[in-house]
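**Q** Got a structure for you, written out below as structure tokens; questions coming shortly.
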Amino acid sequence: MRAGFVVSALIPLSLFAFACGESSVTEEYSEPEDTGPATQIVKPSDRAFAIEDFESAGLKHSKDYKIEGLPEATGVSLFFWKVDGSAVQFEVRFYSSHDEAVRSGLSYAKEGAGPEAVIDPDFARYNEGLRDRRTIVHTRASPTPRYGDFVVYGNMIALCEGRDSEQGAERCSSLVNALDATAQ
Numbered sequence: 083m084r085a086g087f088v089v090s091a092l093i094p095l096s097l098f099a100f101a102c103g104e105s106s107v108t109e110e111y112s113e114p115e116d117t118g119p120a121t122q123i124v125k126p127s128d129r130a131f132a133i134e135d136f137e138s139a140g141l142k143h144s145k146d147y148k149i150e151g152l153p154e155a156t157g158v159s160l161f162f163w164k165v166d167g168s169a170v171q172f173e174v175r176f177y178s179s180h181d182e183a184v185r186s187g188l189s190y191a192k193e194g195a196g197p198e199a200v201i202d203p204d205f206a207r208y209n210e211g212l213r214d215r216r217t218i219v220h221t222r223a224s225p226t227p228r229y230g231d232f233v234v235y236g237n238m239i240a241l242c243e244g245r246d247s248e249q250g251a252e253r254c255s256s257l258v259n260a261l262d263a264t265a266q
């Protein structure tokens with residue numbers, strides 16, 4: 083009788099343990115939420131931009147970066163432009179076409195701009211120019227992302243400096259307008 087009691091008590095207990103263990107095994111993995119810039123601009127165009135187009139729009143070409151580690155890019159340049167009396171920085175990545183910029187460059191742009199931009203060399207996929215994608219905010223004294231947002235326009239992707247996504251998007255929009263004005 084005593085053995086029967088022990089067996090009958092162990093069966094429900096083992097079923098309970100098995101059921102609890104089963105639930106953790108069947109949990110589904112879900113991708114983390116996209117933490118890129120909030121207001122990305124993608125403007126399809128057949129226009130093929132070059133450094134000269136940015137210089138014609140009033141930007142100052144500063145330097146070029148190596149393209150190793152940035153799939154399908156044909157060039158990457160750093161530009162400065164006066165906005166409200168301040169020099170504003172833009173990292174411009176060139177591709178062979180708009181479709182190539184979207185297909186190969188969009189995920190890298192999301193990684194390079196916005197509040198959650200990857201600015202740690204141990205985690206960034208494209209490390210060239212990484213120091214220029216960081217800035218120091220006086221109140222925090224630690225590196226923060228320089229580029230608030232980005233624009234994909236024609237065959238290029240421009241990362242636009244801004245303290246947040248909103249300011250970065252405004253500057254990207256101004257850049258697009260300036261480039262459009264040079265085409266007329």
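What the sequence shown shows, in the working numbering, is residues 83 to 266, in sequence order.
Even glycine gets a Cβ: it sits at the ideal position worked out from N, Cα and C.
(1) Can you name the start and end residues of the beta strand (DSSP E) that L160 belongs to?
(2) Just checking, does the segment 152 to 167 make contact with the segment 131 to 144 on the three C-beta pairs under 8 Å criterion?
(3) Would you mind working out which of Y177, F172, L188 and R216 sits nearest I201, comparing C-alpha positions?
(4) Checking the sheet assignment: what are the DSSP bridge partners for L261?
(5) For F176, which of helix, strand or coil comes out of DSSP?
(6) With distances taken between CB atoms, is the gap from A265 to R129 smaller than 8 Å?
(7) Does DSSP put S247 in a helix, in a strand, or in coil?
(8) Can you tell me whether DSSP reads F136 as helix, strand or coil?
(9) Look at F161 and H143 and say whether their C-beta atoms are less than 8 Å apart.
(10) Report back the beta-carbon spacing between P225 and I218 to the nearest angstrom; my notes put them in contact at under 8 Å.
(11) If you draw a straight line from the C-alpha of I149 to the C-alpha of G236, how long is it?
(12) Since Y190 is in the alpha helix (DSSP H), which residue starts that stretch and which ends it?
(13) With DSSP collapsed to three states, give me the class of E252.
(14) In terms of DSSP beta bridges, what is H147 paired with?
(15) Taking its Cβ as the centre, do 16 or more other Cβ atoms sit within 10 Å of F205, making it buried, or is it exposed?
(16) Would you tell me roughly how many angstroms separate the C-alpha atoms of V124 and L152, rounded to the nearest one?
**A** The short version:
(1) G157 to V165
(2) yes
(3) Of the candidates Y177, F172, L188 and R216, the one whose C-alpha sits nearest the C-alpha of I201 is R216.
(4) Answer is none; L261 lacks a bridge partner.
(5) strand
(6) yes
(7) helix
(8) helix
(9) yes
(10) 6 Å
(11) 19 Å
(12) Segment L188 to G194, the alpha helix (DSSP H) holding Y190.
(13) helix
(14) His is not the amino acid found at residue 147; the sequence shown has Tyr there. Y147 is bridged to V158.
(15) exposed
(16) 19 Å
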